[in-house]
Every structure is written in C-alpha cells, then in structure tokens.
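Novice: Sharing a structure with you now.
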C-alpha cells in the first residue's frame, strides 16, 4: 500500500480547512444572537424564524424552485430525446462533426459571455417584436440552454452502457420502434434520465451569473437575493438563509450520488 | 424510385425513414441550442460594432469606436485603464490556476491514499464546496477576513495592515477567493489520474535514488499532465470571466474584465461596449486555450 508523506497530508488537511472554515463560519453566525459585528452573543434560532416571515425571501425561494423545476423538466425531455436521436440513427462522420461542437458549445462557453449574449439577443428580439421581456421565462430559457448539454451527456452514457442487444431482440420479435422504445429502452434508460435531471437541477440551483443577467425586476432568486443583500451589509438572516441553501444543496447532491451508486449496482447485476 | 429496406440493429427499415426519425429526435435540441446560444453569440459579435444611443439602447451604425475604447482611446485621449484591467484579468486567472494546480497535487495524493472505507467521506467533503453556491462561498470569506478574526489580526501584528482593518478589499482576498472557488475543479480530475497512477514507476524512481523533484518530473508528471490540462481548461475559462469574487472581495480598485462587462449591463447601460468587451474576453480565452493545447501537442510530438 502506498503511503503519503506527512507533509502532504498536512497540506491536504489545511486545504480542507480553507475550504470549510468560511462555510462553517456562516453556519455558526446564523445562530448568533447579536445582530451587529462579529461578537458572539449567544445561541438563537431567531434569524431562521425571521426568514419564514420575510415575504421577499419566500418569494425568492419560490422563484428559485420554480426556475429549477421547470428548466429541469424542459431540459430533461429535450436532452433525452436529443441523446436518443444521436445514438439510434446511423449518422455519418460529417453530420457528427456538425452536431458535436454545437452540443458541446454550452459546456465550453464562459458563463458571463453566454449570459451577455442572451441578454443582447433578448433585447434585440424585444425591440423588434415586444416579446421576451426579462423575467422568469427568459431565465428558464437560459438555464435550459446550459442544462441540455449535461442531460444529453448523462443519457448518452447510459444508452452506450445498455448497448443494442435489447432493442435488437425486441425488433426480432416484431416489435415496432415505438413499442420497443416504450417498453424496452425507456425503462432501461430511466436511471440515466434521472441522473441527468438531478444534475440539471443542481446546476440550476447553483447558477448565479446567468440568472443575474437574465432576471427581471420580479424574478429574483435566492442567489441574487443573497448577492444583493451582501452589498448592503452582511446580516445574520443572510447567514441563516445561506445555511438553509447549503443544507438543501447537500441533500440534493447526496441523492444524486445515491442514484449513481444504484445505477452502478444494477449495471453490475445485469 | 422506391428504396430498399435494410436491417439496422434488427429493425427492418428504409434508410430514409431512419434518418427522418433521427432528425425528428435531434431537431428540438439542436434548434434550441442554435437559437438560444449560437445565434445570441453571433448577435454579440454584431452588436459590438454598433453604438450606444442616448437612451441606453442600440444605435445600428457600423463603427470601430468600441474597439478603440477597448484599447484606451476615448474623447479625452488615451488611458491605459481598460488594458490594465484586461491584463490584470489574464494575470489573476493564470496565477489562480497555477496555485490550484500546485495545491491540488497534495490534495489528490491525500485522497488517493485514504483507506477504502473512508474514501467516500473524503470525496464527499471535496464535492460539497464544489456544489455550494459561488455567492455563498465567496461572501463567507468576508467573515473570515473580518478585522476581529485571526487572519486580519495576524497581518496587523506583523504590520502588514493597520490594526482593526479587514483584509478585504484587496488583491490577496481576490486570490484567496479564486483559489477556494476553483480548487475542486482541478483536484477532482487530478484525483482520478492519481488513483490510476502506476506506482511501480514511482518506486523504481526512488529505488534508483532519484530525489523528490526528479521523481515528480519523470514518474508522476507524465502520468498526470492530461488531468492537469483538463483542470486548466475547467479553471482558466471561468476564472477569466469571473466577476463575483473580484466584486465582493476586490472592490473597485481591483476590477477585472468580468466586472467591467457587468457594469456595461448594469449602471452604465452601454450594451455595444459590453458586447465588445465580451468578444475580447472570448478571444483571449480561446487564445489561451489554443496556446496550452499547442504546447501540449508540441510536448507530445517531441516525446514520440
């Protein structure tokens, strides 16, 4: 068994501390009774209670969930269909050379350029037709665009893992394409679709830049709310809100890892 | 003319029907990306040659004014401000990426050497910050770097800052923030490479009395450099356009191009100039990536 030098272990543990101390500070100060400054004034849950009475926070939380759920639903359907189309038709080399970069474009475009490009495009369309006022719909469009690539990736991986044998067997038994797709491919594909959807969901929760640029006056999300509040000064309420967001993110990631593990196990069995 | 039917993976179909079905499946996704990403990027290029009108809208006259402004020429003569910001962005991104790579090695080796039963926990510990919202991770540093806490007191004790002042806004705070945000992006691919490392080469190197550096250079680096290349891409591209970290930890004095772009879409409301800044950012990012790729290719050719 390989051993690492104590100095390497020390550096690694220090780095973990660098990653975690700020986050733990946020959690700690969300329970701090004293409102101003960094003095410890005793334990309280007051700020959490306050959050649930703050209309703006609740609306922002609602917006975040609406945005994440609707963009995940759209991108999962579009991304899955795209992956199936790419994998089941005999596309030639030339066609692939055209598709692949287009599909990977959202992955390699820096967030801020993508956001700015969307804002400008929406602005131009708006000035011509009056459509695409910045707000929830434009945010959903932005999120779906970067989610599609990741869903497609997850579903394609799963399709490759399944292989062609199952659908070949179905066709040999005179199943039509629709019937074999519904009864053979789709159930096998479901874990891949689920993993892709969950990845898309976390990406949406995690995003700040694209939401920030494409948001309208009424569609503030939690990250935007936290960002704007920090500019006015850090308060214990913001710590409490951030703590809740972190806990929620960790829960989603744990679920995602579980489903991945489950996938691997079912694959190993079959 | 009727087409002959073929058997494609057990299905008896006409090729044309096969392609038609494939097209129906991929068209929604491709059209979505083309319409909401490729076209907007194209419009970004066009708008960067337009002008801002008096109401903050777009005036469609073709002009190179934005490019001139980008390199510092405006109504009042030449100033280096924009070029300084551009240069600083490249420098900050490059140094943060380098720091992340250097620090990821101990992290990756540490993770790879954990016993199997603990490995899941350590991996989860690395993944949680990776998935935590960037805004939260960045503002959290405002607490740690506050004047009452050990880092600021330590700096004050050695007379690096005045007692009672916070360590932000400063360039150091920006680097700390960048490093903390991108460390997992390099550490995760590097860990995958270290996990698959051929340890016999490392042992052979030590058996032949090679020192630490020679072992790293000839036994470890060749096996991990493709992971480092992936880490560079994952870090450098977002670091170049980063605006949350410099905005919160750097303040106006340490502006990066990301902040400048954001300003054009916020307070200044000058979309054409913002578009040309974005275009410049895109060109610089692509150029840097190509530079790394060509270097990597040159290395490969020299070896073979």
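Residue numbers (the working numbering), protein chains in the order written: chain A, 1 to 270; chain B, 1001 to 1304.
A virtual CB, placed ideally from N, CA and C, is assigned to each residue, including glycine.
Model, not experiment: these values are computed from the prediction.
1) By the 10 Å Cβ neighbour count, where 16 or more other Cβ atoms means buried, how is residue 91/A classified, buried or exposed?
2) Would you please state the rounded distance, in angstroms, between the beta carbons of residue 1186/B and residue 1100/B? I believe it to be under 8 Å.
3) Out of 1032/B, 1046/B, 1245/B and 1021/B, which has the shortest C-alpha to C-alpha gap to residue 1272/B?
4) Within 8 Å (strictly less), CB to CB, does residue 1292/B reach chain D?
5) Counting only the same chain and skipping the five closest in sequence on each side, list residues whose C-beta sits under 8 Å from that of residue 27/A.
6) Is the separation between the beta-carbon of residue 1094/B and that of residue 1141/B shorter than 8 Å?
7) At a CB-CB cut-off below 8 Å, which residues of chain A make contact with residue 1008/B?
8) So, are the CB atoms of residue 1251/B and residue 1169/B less than 8 Å apart?
9) Which residues of chain A have a Cβ atom closer than 9 Å to the Cβ of residue 1211/B, listed in chain order?
10) Since residue 1238/B meets chain A, which of its residues come closer than 8 Å, beta carbon to beta carbon?
11) Are residue 1198/B and residue 1223/B close, meaning C-beta to C-beta below 8 Å?
12) Return the CA-CA distance between residue 54/A and residue 140/A, expressed in angstroms with no decimal places.
13) Please decide whether residue 1022/B counts as near chain A, where near means a Cβ-Cβ distance under 8 Å.
14) Using a Cβ-Cβ cutoff of 7 Å, what residues of the region 236–270 of chain A are near chain B? List them in chain order.
15) With a threshold of 7 Å on Cβ separation, who are the neighbours of residue 152/A within its own chain once the five nearest residues in sequence on each side are excluded?
16) Give the residues from the region 166–177 of chain A that approach chain B closer than 8 Å (Cβ to any Cβ), ordered along the chain.
17) Does the distance from the CB of residue 1189/B to the CB of residue 1227/B come in under 8 Å?
18) At a Cβ threshold of 8 Å, is residue 1038/B touching chain A?
19) When the distance is taken between beta carbons, is residue 1010/B closer than 8 Å to residue 168/A?
20) Considering only DSSP beta bridges, list what residue 1051/B is partnered with.
21) Alpha carbon to alpha carbon, what distance is there between residue 1008/B and residue 1239/B?
22) Between residue 1204/B and residue 1288/B, what straight-line distance do the alpha-carbon atoms span, to the nearest angstrom?
23) Alpha carbon to alpha carbon, how far is residue 1244/B from residue 232/A?
Specialist: In this structure, then:
1) buried
2) 4 Å
3) 1046/B
4) Within the model displayed, chain D is absent; protein chains A and B are what it includes.
5) 239, 243 and 246
6) no
7) 90
8) yes
9) In chain order: nothing, as chain A lies at least about 13 Å away.
10) 110 and 111
11) yes
12) 25 Å
13) yes
14) 242, 245, 246, 249, 250 and 253
15) 79, 82, 83 and 103
16) 167, 168, 169, 170, 171, 172 and 177
17) yes
18) yes
19) yes
20) 1059/B
21) 46 Å
22) 36 Å
23) 15 Å
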